[in-house]
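Novice:
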Amino acid sequence: MDKTVEGNAKGNSNKKSVAVFAITVIAIIFSCFHIYAASFGTFGAFLQRSIHLTFALVLVLLIHPYKRWGRAGTFINAIMILGTVFVGIYAGVSYETMGDRAGNPNTLDVICGILTILLLLEASRRILGWALSIIASVCIAYVLFGYLLPPAVGHPGFTPGRIIYHLYMTTEGIFGIPLGVSASFIILFTIFGAVMIETGGSKFISDLAFALFGRFRGGPAKACVVSSAALGTMTGAAVASVATVGIFTIPLMKKTGYRAYMAGAIEAVASTGAQLTPPVMGAAAFIMAEMLQVPYIEIVIAAALPAFLYYLSLFVVIDLEAAKTNLKGLPVKELPRLGEVLKKGWFQLIPVAVLLVYLGYFQTTPAKAALAAIISAIIVSWCFKETRLTLPKILKALENGSKSGLEIAMATAAAGIIVGAFTLSGLGMKLSTLLIALSQGNLLLLLFITMAVAIILGMGMTTTDCYIILAILVAPALIKMGVYPIAAHLFVFYFGIISAITPPVALAAQASAGIAEADFMKTGLQAMRLGLVAFILPYLFVYDPVLLLNGKPLEVIQAVLTATVGVMAFAAALQGYILKELTIWQRVILFAGSVCMIIPELMTDVIGVGLVLMILALQIKAVRSENVRCSQM
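All residue numbers for the sequence shown refer to this note's numbering, where the first residue is 879 and numbers rise by one.
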């Protein structure tokens, strides 16, 4: 009996070892393929996307196998993997002749198309949850049976062959722009992030943040903001950033006196903002550039000031919270020394500089910029013994880079089904027109509807999918009403991201509350309060895109200066403290003044400056009066 149990355990262990080895090898080959494609560019769009999807599907099925049904589940999983390989080979071999069968696919086309869709829906369910798979399935049902609906929302009807052709055999469906961005750009940035982690880039950023801010009041929280903003670009998602950075920063914040729910909220807000922060923003930013047909650097420039204001607000709130509750920094002896940190790790900044130079100065594609950054990171690491990338470390980075890109690959491919259904049926334009009618031409109402839908969708979907859906449905309506195109798309982008700190779901707050051992709802509500500026900024840059650095030089300079002071005042009003606690009426006036200053108009700036200076003068007077009383005692 014992021998039988021991034999079964040994057999299971061997199976796991084989699966782990297979995952490692496939993931490394996956990364190598994309580095080769970025280097030589020898693949057509459809072929590269189909290879990308095939590798991603196989890895997802291996990493997330059926955990039920025992051997039957293992057998089903094996059949699905073989099916994935088959349809992948078929797409790769026959993609050149698919155009010859426009609208009239043969039997094998239909079979492979159906298999690809089913495999994609199942793989998406395993790695992303039910929400996206259900929405994609509803879209398929719509193109099949939408002819039964009223003309206002229905369509004339399409044959199954036409549907399969559109979704599977063209670049309008599964293999469309979203998956193309994943296959061409995003995977290379996840590899770059993995390489930077292996070279010690994450440790350098963390040490630098603590060396700069750790000794000041609220030091651990300030260091958390800086390190989460930087490291979040490597993980690519708010929850992943919380899990990576929060396990170190949250206990340190609690140690120095921050309440558990406050520590969790700070980490959640800091990690969420990473996707808003150039130069490497969330995956949706790359898709935005493709949809708008503008260089990625334009998106980076437009997002720069709002991202700065987001983190400035959080930084000021943290500082005032520390002042209000008399929180100290960490002892200097417990902190890394700035000189030593820079001496040991200054070269970690070189790959980031290379990335910026390629994007900004040379105006290359994001793929070429990411490739240059990867190569520079490897070369720079070889110059120093402590960070030298050995072959095992390079292979580990290639493996982890592939794995980090799987969620985005599945999200963009499944989103392709939704996009394909909209473009085939014309539903996107119909719903866009319907939204304009529903808002009765009122831009503010349409923006509010968009915000609500984005937050709701963002609770159950990735930022990428939320953005893609709303970019098709709502962004055209906003642009029709005169909104600057980049502002319209960034509006959608922002609210999809900040759903991560918006209760009742607030995934980033859930993760940080777990680490902080705090009440989730208190953490979520506090995170929403700390990130409140992110709920206001999108409305402001829609009404005046100068906040996106789109304007005359003097207008931009005025907007930067007044918005910076305005956001600091906003944070003070939020916290209820400047030099001492603010009264309720002072907070209301300061809040009004701060919003006036953030609005990029001369008249509102003048009013805002007057209100803010009035409250500041009252604070100074009150502190002086207290000092006089204390000196007389």
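Ideal Cβ placement from N, Cα and C applies to all residues, glycine included.
Quick check on Y1043: does DSSP put it in helix, strand or coil?
Specialist: Here Y1043 sits in helix by DSSP.
Novice: Spell out whether any CB of chain B is found under 8 Å from the CB atom of P1156.
Specialist: Structure shown: chain B not included; a single protein chain is present.
Novice: The alpha helix (DSSP H) that contains P1244, what's its start and end?
Specialist: Start and end: 1244-1259.
Novice: In angstroms with no decimal places, state the Cα-to-Cα distance between V1258 and F1193.
Specialist: Those two C-alpha atoms are separated by around 32 Å.
Novice: For Y944, does the three-state DSSP call read helix, strand or coil?
Specialist: Looking at Y944 - three-state DSSP - the assignment turns out to be coil, as it is neither helix nor strand.
Novice: Once the 5 residues before and after L1356 are set aside, which same chain residues still bring their CB inside 6 Å of it?
Specialist: The residues are A1366.
Novice: Should the region 919-930 be called in touch with the region 946-959, which here means at least 3 C-beta pairs below 8 Å?
Specialist: With a cut-off of 8 Å, the region 946-959 and the region 919-930 do not count as touching, because too few Cβ pairs lie within range.
Novice: Can you name, in chain order, every residue of its own chain whose Cβ lies under 6 Å from the Cβ of S909, other than the five neighbours on each side?
Specialist: Only I1069, L1276, G1279, S1280 meet the Cβ criterion.
Novice: Output the boundary residues of the alpha helix (DSSP H) element that contains F1091.
Specialist: Start and end: 1079-1091.
Novice: Could you give the distance in angstroms between the alpha-carbon of V1420 and the alpha-carbon of V1361?
Specialist: Straight-line Cα distance between these residues: approximately 6 Å.
Novice: Identify whether Y1236 lies in helix, strand or coil by the three-state DSSP scheme.
Specialist: Three-state result, Y1236: helix.
Novice: Would you tell me roughly how many angstroms separate the C-alpha atoms of V1104 and A1146, rounded to the nearest one?
Specialist: If you take the alpha carbons of V1104 and A1146, they lie about 13 Å apart.
Novice: Ignore the nearest five residues each way along the sequence and tell me which others in P1098's own chain have a CB closer than 7 Å to its CB.
Specialist: Here the set comprises G1092, T1127, L1130, M1131, T1134, L1208.
Novice: At which residue ranges does the region 1118-1176 contain complete alpha helix (DSSP H) runs of 4 or more residues, listed in the order of the chain?
Specialist: Listed in chain order, the complete alpha helix (DSSP H) runs (minimum 4 residues) inside the region 1118-1176 are 1138-1150, 1161-1170.
Novice: If we ignore side chains and look at the alpha-carbon of each, how far apart do M1166 and F1063 end up?
Specialist: Going by the C-alpha atoms only, they are around 12 Å apart.
Novice: For my contact list, T1013 and L1045 are in at a C-beta cut-off of 8 Å; report their separation, rounded to the angstrom.
Specialist: Before going on, a small fix: residue 1013 reads as Ile here, not Thr. Actually they do not touch by this definition, with Cβ atoms about 14 Å apart.
Novice: Considering only the beta carbon of each residue, do L935 and Y973 sit closer than 8 Å?
Specialist: Contact flag unset, no.
Novice: Using the DSSP secondary-structure output, state which residues sit across from E1459 in a beta bridge.
Specialist: In the DSSP output, where bridge partners are listed per residue, E1459 has Y1455.
Novice: Contact between the region 1331-1350 and the region 1386-1394: three or more CB pairs below 8 Å?
Specialist: No: the two stretches stay apart, fewer than three of their Cβ pairs being nearer than 8 Å.
Novice: Do the region 1474-1485 and the region 1432-1441 meet, that is, are 3 or more Cβ pairs less than 8 Å apart?
Specialist: Yes, the region 1474-1485 touches the region 1432-1441.
Novice: Pairs of beta-carbons, one from the region 1178-1191 and one from the region 1409-1425, closer than 8 Å: are there three or more?
Specialist: Contact between the region 1178-1191 and the region 1409-1425 is present, because at least three Cβ pairs lie under 8 Å.
Novice: I need the boundaries of the alpha helix (DSSP H) containing W1008, first residue and last residue.
Specialist: Counting along the chain, the alpha helix (DSSP H) containing W1008 begins and ends at 1008-1023.
Novice: Below 8 Å on the Cβ atoms is my guess for G1286 versus T1342; work out the distance and round it to an integer in Å.
Specialist: Correcting the residue identity first, residue 1286 is Ile in this sequence and not Gly. Contact flag correct, Cβ pair sits at about 6 Å.
Novice: Less than 6 Å between C-beta atoms, sequence neighbours within five positions excluded: which residues of the same chain meet that for K881?
Specialist: In this predicted model, K881 has a pLDDT of only 49, less than 50, meaning its place in the structure is not dependable enough to derive any value.
Novice: Within this structure, are the beta carbons of T962 and L1006 separated by less than 8 Å?
Specialist: Result no, Cβ atoms of T962 and L1006 do not sit closer than 8 Å.
Novice: Relative to the alpha-carbon of L1309, which residue among R1003, H1033, V896 has its alpha-carbon at the smallest distance?
Specialist: Selected option, being the one with the closest Cα: H1033.
Novice: Pick out whichever of I1196, A1255, V903, G1142 has its Cα sitting closest to the Cα of D1397.
Specialist: With distances taken between Cα atoms, D1397 lies closest to G1142.
Novice: Would you say T1328 and F1371 are within 8 Å of each other, going by their C-beta atoms?
Specialist: No, the pair does not count as a contact, with Cβ atoms beyond the cut-off.
Novice: Is it true that the CB of I1375 sits closer than 8 Å to the CB of T831?
Specialist: In the structure displayed, the chain extends from 879 to 1511; residue 831 sits before or after that span and is not available.
Novice: Have a look at E884 and K894 and give me their C-alpha separation to the nearest angstrom.
Specialist: Confidence in E884 is poor, its pLDDT being 48 and thus under 50, which makes the residue's placement unreliable; the coordinate value appears in the next sentence. One C-alpha to the other measures close to 15 Å.
Novice: When the Cα of A1009 is compared with those of L1305, G977, A1019, A1292, which residue comes out closest?
Specialist: Among L1305, G977, A1019, A1292, the Cα nearest to that of A1009 is on A1292.
Novice: Would T1290 and P1056 be called neighbours here (beta carbons separated by less than 8 Å)?
Specialist: A contact, by the Cβ cut-off of 8 Å.
Novice: So, for E1504: in the same chain, excluding its five sequence neighbours on each side, which residues have a beta-carbon less than 7 Å away from its beta-carbon?
Specialist: Cβ neighbours of E1504 beyond the five flanking positions: none.
Novice: For the region 1354-1384, which segments carrying the beta strand (DSSP E) assignment without a break, of at least 3 residues, lie completely within its bounds, in sequence order?
Specialist: Runs found: none.
Novice: D1197: buried (16+ other C-beta within 10 angstroms of its C-beta) or exposed?
Specialist: With 16 or more Cβ atoms within 10 Å of its Cβ, D1197 is classed as buried.
Novice: Could you name the residues of the same chain whose beta carbon sits closer than 8 Å to that of W1260, not counting the 5 residues immediately before and after it, in chain order?
Specialist: R1266, L1267.
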